[in-house]
Amino acid sequence: MTPFAPSWVELAVAIPFVGALCVSRMRAPETASRWCLGFSGATLACSVLAAAAFAFNLPIGWGRPASETGGIFAVDELSVSLLPLVALLHFLTALATVRTKMGRFSFAWMLFGEAMRMAAFACVDPWLLIGLMAVSTVPPYFELRSRAKPTRVYALHMGGFVALLFAGWITAANFPHLRSLAGALLLLAVLVRSGTVPFHLWVADLCESSTFGNSLLYITPLSGAYLAVRLVLPVAPDWVLTGLGTVSTITALYAAGMATVQTDGRRLFAYLFLSHASLILVGMQLHTPITLTGSLALWHSVMLSLCGLGLTLRALEARLGRLSLTRYHGLYEHSPALAVCFLLTGLASVGFPGTMGYVAAEVLVDGVVAANPLVGIATIGAAALNGIAVLRAYLLLFTGRQHVSTVSLAITPRERVAVLTLAAIILMAGLFPQPNVESSHKAAEAILQARTIEGQKGVPPN
Amino acid sequence: MSDTLPDTIEFMTWVGGVTVTVPFLLLGLLGLPSLLGYRLTEATSARATRWLTFVGLLAACGLFLSMLVSGHRHVVLDLGNWVEIHAHAGAGHEHYHFSAKFVFDRLSIPLVILSYLLCGTIGAFAVKYLHREPGYNRFFVLFGVFLCGMVTASAAGTIETLFTGWELVGLSSALLVAYFQERPAPARNGLRIWAVYRVSDAALLTAAVVMHQMAGEGDFDRLLGSGWPGGAAPTTSDQALLVGLLLLLAAAGKSALLPFSGWLPRAMEGPTPSSAVFYGALSVHLGAFLLLRANALIAASVWLAVAVVALGLLTAAFAYLAGSVQTDIKSALSFASLTQVGLIVIEIGAGHWVPFLWYVALAHLIGHACMRTLQFVRAPSLLQDYRRLENAIGGRLQHRTGFWLGLLPVALRQWVYRFALERGYLDVALDRFVVRPFVAVFQWFDDREWRLTAWLNAAPDPREPGSGAAPCPAPPEPAAAAAARSDV
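Order-wise, the sequence lines are chains A and B.
With the first letter of the first sequence counted as 1, position 368 gets the number 368 in UniProt numbering; the numbers rise by one all the way through.
With the first letter of the second sequence counted as 1, position 5 gets the number 5 in UniProt numbering; the numbers rise by one all the way through.
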């Protein structure tokens, strides 16, 4: 960061970091919540300004044009849409944290995690990116410890992830003739971080044991997919990508099947996430312009829709405690807005018409079928199963009996703002999908160009 | 058609635009206030539904009359590419587009008019029927979703547009089956129907993508030839068979053809107005409509035609048998409806040899939808009707028994009776051979994952009693399995 001429993107990284330091000193949860909301709101504003400056080729900071950033953080075709979305997820999570949850939810760790994620998503230097990804694994660990929950599954997976990441990039940077090995190590790192089978246990375990707000913020931005784009796609030979695709296809189907039989709300969310993250990786593996565009567009959609779904589940948990999916709860009459939001975000994640995910899923499926019909059929099957899982959960949570409560379970104004914001984005982007697809396509072209350049520099991918 | 004035075509296109816009306007009017937490009064919902359905019907009828007067039988409302990925100069760069296009022709315009007519009628009926029901507003929002889906699917000019409408119809159907949501049975049946619809949707999506790959786009005019029913598909017989079988699977799911027929009586769990318009009239015919739309594929492949006729025949025979022994009026009507759908499917398949039968199938579909809607809305007052009839004739109504039943051996008769009573054991077979193995396999994986996680964490399995960390105890019976076993 340049102290005297910071750009919007640098501010978007610095503000949550400063915010984490400030909020960590506050003892009253409500004060911490208010300040956290302010910091994450400012982060969101800066990230939107940075994205707007890039999209319209305006100066991205005070006096520095986009093409001459020269700093360690920058906006490019990929991060232009991811940065505001990541900031929005954090802002809405802070906003939708109800008073009953404030005591247990760590706003300081949330802001620290936001700073790490914003920095990683805006980072152009591979080593720094790896370092940030490594550091970002720390907050959930401490949170698990502070809640006296078992940490070994998480530590084992994240330790492996960091080790593989470092080993992979050291190999890639220093031993060009070992490109295949580097690609394989990086691929393994991505598979672990994305929760691909058989490295997926940590996702359900984290959702189960950590605060739901922080765990959904840790997983929904899909940092694994980001690493795949930044580090694996440019250097990995084709066989590595084929491996990624195969494992991802299996995970997409497996996790979708698992989602249909879950008996706990958080685990349902974890498996839905795993299935969607894998679908995105499937499109990346095939790395045609269309599949990559579909993948990136679906990424944006999944981030928003799964975050919305997670926030809805979290709001329900704040009222009822852990949500069992073994019986009907009949909550519709008490909170119809939450029911509508659950359905809307859930269906958006599976690509229902009229929502943001629809066209993204169409583009992805079209590209995948053209490249590999069998994978295409598996993708359609996974989407169908996810749809069944979402509606099953909706019916179990909101219908089936009359829920009697002596207190109001209605949505709070803050939750309503969060829910309506998400609903508006999901529906508007569903009705006008071209900007999302176009920006994804530009990013896809840039990624493919980077892969071509890297391929020409080193051993051609084969 | 040839000497149609450009102004007339422009006018017809404009009217077509009104026809497809109105349902979305209705959905916005009913849905947005609900989303914002503002509850519309019953009178406002009723007024909006009445007037907007009327405007839509007027526009559709106006378009129909214009088509008759002008002789222009193929009005296209092309909204352009909804999404487009431009092909760049680079070698091998792919192009993608998703076009939103509506076509009003001999097939679509009758169905659009029928949709408006029946939805308007049932909407007016529901205003009284659901008066003061807690879910009144929810019903009309879902009704709006359904109307959007029906009009979009009926007038779709591309397979992607049709898929959009198809999904909207499916969602509204499943949620309306679960309308009486204070009981578990409607929720279970809604889930079951949704599961079948997802299979159907997956088949249609696969067909859409395959068609897109074959022709480079999903435009019906290019895929199936311009002008219904005379179009010729520019595909080989094998391609037509492949896509046609996928469409047949999609149609079977949506129209409850075999082996998916089990969901139709379960759908009667919903309120009578939705049963009438969905399973008596429109939704249940959507599969047949899809086959009619894809008639060029049936014309191109004799094996596809044979498959369509066979499926229609089996469904009609099964539905006749099952319908004969039903003991409640809505189930009996649902199977009667299915019998007619089976016959319509036979007519569509037979159109391969006698193309005129496609017109017969369309007329059959429209006539049947109208008659069945009437029967469904009269269903709640059936006992009163019976009493009135019996009072009029001065005795009990006679139930006729087919003379051929006496020719069958008793054992066979009993077997047929049980087969019909158990609705062909279709649900049992689906549960035993699909749902339960699926659930068992994934529950086994789930159990192993719990154990493995506990072992890696060196902590007790949270599901075990006394572990102190049980989030949600494992159920004695999974919801999916329970749903699978549930009865109407």
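Glycine is no exception: its CB is placed at the ideal position from the N, C-alpha and C atoms.
At a C-beta separation below 9 Å, B/T164 has these neighbours in chain A: P353, G354 and Y358. For the set B/P265, B/I113 and B/S274, the Cα lying nearest the Cα of B/L171 is the one of B/S274.
A contact between stretches requires three or more CB pairs, one per stretch, nearer than 8 Å, and the segment 348-364 of chain A meets this requirement with the segment 301-320 of chain A. B/D78 carries a strand assignment under DSSP once its states are collapsed to helix, strand and coil. Under DSSP, no beta-bridge partner is assigned to B/V69.
Taking a Cβ-Cβ threshold of 7 Å, the residues of chain A close to B/R198 are A384, G387 and I388, in chain order. A Cβ-Cβ separation of about 17 Å leaves A/W202 out of contact with A/H276 under the 8 Å criterion. By the neighbour-count definition (other C-beta atoms within 10 Å, threshold 16), B/Q181 is a buried residue. Fully enclosed alpha helix (DSSP H) runs of no fewer than 4 residues occupy 212-219 and 223-227 of the segment 208-248 of chain A, in order along the chain. Interface flag for A/I377 against chain B is set, since a Cβ pair is found closer than 8 Å. Here the C-alpha atom of A/L364 lies approximately 9 Å from the C-alpha atom of A/T379. Interface flag for B/S34 against chain A is set, since a Cβ pair is found closer than 8 Å. Collapsing the DSSP output to three states places A/K149 in coil. In its chain, beyond the 5 residues on either side, M268, S275 and A379 have a beta carbon closer than 7 Å to the beta carbon of B/K330. By DSSP's assignment, B/T41 forms no beta bridge with any residue.
A/V235 and A/R179 have their C-alpha atoms roughly 7 Å apart. Taken in chain order, the segment 190-268 of chain B contains no complete beta strand (DSSP E) segment of 3 residues or longer.
Within the segment 407-434 of chain A, the residues whose Cβ lies closer than 8 Å to any Cβ of chain B are, in chain order, I411, R416, L420, A423, P433 and Q434. Your pair B/P184 and A/G400 checks out as a contact, with CB atoms roughly 4 Å apart and the cut at 8 Å. In this structure, the CA atom of B/F376 is about 41 Å from the CA atom of A/V407. The distance from the Cβ of B/A250 to that of B/L290 is about 6 Å, consistent with a contact at the 8 Å cut-off.
Beta-bridge annotation (DSSP): B/H97 is paired with B/E84. Taking C-beta atoms under 8 Å as the contact rule, A/L272 and A/A252 fail to qualify, at a distance of about 11 Å. DSSP places B/F438 inside the alpha helix (DSSP H), whose first and last residues are R436 to N457.
Annotated three-state conformation of B/A429 is helix, per DSSP. Interface residue (Cβ-Cβ distance to chain A less than 8 Å): B/L68 is not classified as such. The alpha carbon of A/F432 has as its nearest neighbour, out of B/R73, B/L32 and B/F98, the alpha carbon of B/F98.
The beta carbon of A/L241 sits closer than 7 Å to those of Q285 and H287, all from its chain and outside the five residues before and after it, given in chain order. Secondary structure of B/A156 (DSSP, three-state): strand. Of all residues in the segment 383-400 of chain B, none is placed with a Cβ closer than 8 Å to any Cβ belonging to chain A. Legend: CB atoms of the segment 176-187 of chain B lying less than 8 Å from CB atoms of chain A belong to residues A178, Q181, E182, R183, P184, P186 and A187. Ranked by Cα distance from B/V341, the first of B/V354, B/H285 and B/Q384 is B/H285. In terms of Cβ geometry, A/M133 and A/L222 do not form a close pair [threshold 8 Å]. The DSSP-derived three-state label of B/V103 is strand. Here B/R396 has E390 as same chain residues with Cβ atoms under 8 Å from its own Cβ, once five neighbours each way along the sequence are excluded. In terms of Cα proximity to B/S108, the closest of B/G123, B/Y136, B/V83 and B/L77 is B/L77.
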